[in-house]
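For reference, the structure discussed in these notes is given below.
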Amino acid sequence: MKGEILHLHLGQAGTQLGNSAWELYLLEHGLGPDGRPDPNAPDIGDPGSFETFFTETSGGKHVPRSIFVDLDPSPIDEIRTGEYRNLFHPELLVSGKEDAANNYARGHYTIGKEMVDNVIDRIRRVADNCQSLQGFLIFHSFGGGTGSGFGALLLERLSTEYGKKSKLEFAVYPAPRTSTAVVEPYNAVLSTHSTIENSDCTFLVDNEAVYDICRRNLDIPRPSYEHLNRLIAQVVSSITSSLRFDGALNVDLNEFQTNLVPYPRIHYPLISYAPVISSSKSEHESFKVQELTFQCFEPNNQMVVCDPRNGKYMAVALLYRGDVVPRDANAAIAALKAKASFNLVEWCPTGFKLGINYQKPMAVPAAPEAGGLAPVKRSVSMLSNTTA
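Residue numbering for the sequence shown follows full-length UniProt numbering, starting at 1 and increasing by one per position.
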């Protein structure tokens, strides 16, 4: 028994990320859009343990353990009318009447305050349904009003009610070139200030960086949010895959925190994912384990714009999926340590954590011209805490 994980999706960014993430989870577990096992699903071998993410009803339907919250009704109405309307429990889609208008204070103090008790109540009901709740995955953006303000408020409440559970955030950080509102930097600063004490580990994703990855590696001239979200969903999925599938070296939520966070306040690891490649090119590549590992350390594959070659690595977690054996992974790491451009800090010489999972990565099927990710045999996600 691995323990259950509760997904919280806040604001528009969180909701849309959640859509892509659940779309991928359904594929990986061979479920249809209504949460029942899909008879036409390709044979995936081991369907994995559903209990981590889904509650099974007596009728054989799987209901996600996730709560969508937005102060603005439209993103959640999209779910209520969209392809997955029969998947989610209608009581766990919480929407307000008026949005936070990109204003941190509205999300945190005025409008958010009225909704937070309602949301905590729903969370408590889902949590009481779990046998051993392992933690929360929280998806939100730092730029919008709901994501930053309400996200910070909810994290404060979660810390008081579920102090011992691990809380991992996936946060979309505002980027200067792809900004949608003038006040994003203010929201981000306020939100960071109030969440730094309450979250155990925050994975930052920078829209600008993910845009560049889509442009460069998937040849999509103008990527849409859907492309970005599917790419981020792959990373989320590989982080949680060891909780759902069998593998040689499995990792649970608490281990991320133990291995990646040297001091409680430095909990912002960098994510990168390889291989990001379009279906048209993937047939000409071999994807050796070592190649993929080196690709992760290229600044081009990182989800935040920064150059880690200027800083030092404090800790690195490499999560492999698919056809990988520990020997190859260890060889790749040894080769990496020998490179001159790779610096670990002096006080943490053994900064590597490995996770290996036999379930191969799935990609959401898309037409080749739509520029989807190619289905590949193996993939690597790297989470690293660096000083850059």
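Glycine included, C-beta positions come from ideal geometry on N, C-alpha and C. As the structure is a prediction and not an experimental result, all values here were calculated from the model.
Assigned secondary structure, residue i (DSSP; H/G/I helix, E/B strand, else coil)
{"i": "Ile213", "result": "helix"}
{"i": "Leu6", "result": "strand"}
{"i": "Glu255", "result": "helix"}
{"i": "Ala334", "result": "helix"}
{"i": "Cys296", "result": "helix"}
{"i": "Ile239", "result": "helix"}
{"i": "Thr202", "result": "strand"}
{"i": "Ala274", "result": "strand"}
{"i": "Asn343", "result": "coil"}
{"i": "Gln302", "result": "strand"}
{"i": "Ala228", "result": "Inspection of the sequence shows that residue 228 is occupied by Leu rather than by Ala. Three-state result, Leu228: helix."}
{"i": "Asn86", "result": "coil"}
{"i": "Thr15", "result": "helix"}
{"i": "Arg222", "result": "coil"}
{"i": "Pro266", "result": "Per the sequence presented here, residue 266 reads as Ile, with Pro not at that position. Ile266: coil per DSSP, three-state reduction."}
{"i": "Ser20", "result": "helix"}
{"i": "Ala188", "result": "helix"}
{"i": "Ile79", "result": "helix"}
{"i": "Lys353", "result": "strand"}
{"i": "Thr386", "result": "strand"}
{"i": "Ala233", "result": "helix"}
{"i": "Ser379", "result": "strand"}
Whole-Å CB distance - residue i paired with residue j, under 8 Å assumed
{"i": "Ser148", "j": "Ala188", "result": "7 Å"}
{"i": "Tyr104", "j": "Ser179", "result": "The Cβ separation is near 15 Å, so there is no contact."}
{"i": "Leu260", "j": "Asp252", "result": "Not really, about 13 Å apart at Cβ, beyond 8 Å."}
{"i": "Phe256", "j": "Ala317", "result": "7 Å"}
{"i": "Thr382", "j": "Ser272", "result": "Sequence inspection shows Met at residue 382; the Thr mentioned does not correspond to that position. The Cβ separation is near 5 Å, so the contact holds."}
{"i": "Ala233", "j": "Ser66", "result": "Not a contact, Cβ separation roughly 13 Å."}
{"i": "Gly14", "j": "Ser199", "result": "Rounded, the Cβ-Cβ distance is 14 Å, inconsistent with contact."}
{"i": "His108", "j": "Phe150", "result": "7 Å"}
{"i": "Met362", "j": "Leu24", "result": "7 Å"}
{"i": "Cys296", "j": "Ala274", "result": "5 Å"}
{"i": "Glu184", "j": "Gly145", "result": "Actually they are not in contact, since the Cβ atoms of Glu184 and Gly145 sit about 10 Å apart, beyond 8 Å."}
{"i": "Val289", "j": "Arg378", "result": "7 Å"}
{"i": "Thr386", "j": "Gly311", "result": "5 Å"}
{"i": "Ser341", "j": "Arg309", "result": "6 Å"}
{"i": "Ala152", "j": "Thr195", "result": "5 Å"}
{"i": "Arg85", "j": "Lys61", "result": "With a Cβ gap of about 13 Å, Arg85 and Lys61 do not count as contacting."}
{"i": "Pro223", "j": "Tyr211", "result": "6 Å"}
{"i": "Asn343", "j": "Ser241", "result": "Not really, about 29 Å apart at Cβ, beyond 8 Å."}
{"i": "Leu6", "j": "Val126", "result": "6 Å"}
{"i": "Asp72", "j": "Asp99", "result": "3 Å"}
Among the options, the one whose alpha carbon lies nearest that of residue i
{"i": "Asp70", "options": "Ser58, Gly18, Ala329", "result": "Gly18"}
{"i": "Lys360", "options": "Ser237, Lys353, Gln290", "result": "Ser237"}
{"i": "Asp219", "options": "Arg244, Ser194, Val276", "result": "Val276"}
{"i": "Ser74", "options": "Trp22, Gly11, Leu336, Tyr358", "result": "Gly11"}
{"i": "Ile239", "options": "Pro269, Arg125, Pro221", "result": "Pro269"}
{"i": "Arg80", "options": "Thr55, Asp34, Phe139", "result": "Asp34"}
{"i": "Phe88", "options": "Glu56, Asn118, Lys113", "result": "Glu56"}
{"i": "Pro90", "options": "Ser20, Phe68, Asn385", "result": "Phe68"}
{"i": "Gly3", "options": "Pro37, Pro39, Phe54", "result": "Phe54"}
{"i": "Lys337", "options": "Gly32, Ala315, Arg222, His284", "result": "Ala315"}
{"i": "Ser384", "options": "Ala335, Val324, Tyr313", "result": "Tyr313"}
{"i": "Ala332", "options": "Ser280, Phe294, Cys201", "result": "Phe294"}
{"i": "Val325", "options": "Val380, Lys281, Asp307", "result": "Val380"}
{"i": "Asp121", "options": "Glu161, Gly143, Arg321, Pro64", "result": "Glu161"}
{"i": "His267", "options": "Asp328, Lys281, His193", "result": "His193"}
{"i": "His29", "options": "Gln16, Thr52, Leu8, Glu346", "result": "Thr52"}
{"i": "Arg230", "options": "Gln16, Leu8, Arg321", "result": "Gln16"}
{"i": "Ser279", "options": "Leu228, Gly60, Asn217", "result": "Asn217"}
{"i": "Leu26", "options": "Glu78, Ala175, Cys201, Glu83", "result": "Glu83"}
{"i": "Ile76", "options": "His9, Asn40, Phe50", "result": "His9"}
{"i": "Pro174", "options": "Lys165, Val345, Tyr186", "result": "Tyr186"}
{"i": "Ile123", "options": "Pro64, Arg177, Pro176", "result": "Pro64"}
{"i": "Leu319", "options": "Gly59, Trp22, Val235, Gly112", "result": "Val235"}
{"i": "Pro262", "options": "Lys164, Leu354, Trp347, Ser58", "result": "Trp347"}
{"i": "Cys201", "options": "Pro264, Ala334, Asp72", "result": "Pro264"}
{"i": "Lys164", "options": "Gly112, Arg177, Asn254", "result": "Asn254"}
{"i": "Glu298", "options": "Lys339, Trp22, Gly59", "result": "Lys339"}
{"i": "Gly355", "options": "Asn40, Arg327, Glu226", "result": "Arg327"}
Residue i CB to nearest heavy atom of the ligand ZN below 7 Å
{"i": "Ala315", "result": "The ligand ZN is not among the ligands present in this structure, which contains no ligands whatsoever."}
8 Å Cβ cutoff, residue i in contact with chain D
{"i": "Glu346", "result": "Note that chain D does not occur in the displayed structure, where there is just one protein chain."}
### Message
In chain order, what are the residue ranges of uninterrupted beta strand (DSSP E) at least 3 long that sit wholly in the segment 89–173?
### Response
93–95, 133–141, 166–173
### Task
Examine the Cβ distances between the segment 301–313 and the segment 191–205 and report whether three or more of them are shorter than 8 Å.
yes
### Query
Is there contact between the segment 130–137 and the segment 93–100, where contact requires at least three CB pairs shorter than 8 Å?
no
### Task
State whether the segment 166–176 contacts the segment 122–130, with contact taken as three or more CB pairs (one from each stretch) at a distance under 8 Å.
no
### Task
Return the chain-ordered ranges of every beta strand (DSSP E) run that is complete within the segment 30–74 and spans a minimum of 3 residues.
54–56, 62–64, 66–70
### Message
Measuring CB atoms only, is the segment 110–122 touching the segment 152–163, in the sense that at least three cross pairs come out at less than 8 Å?
### Response
yes
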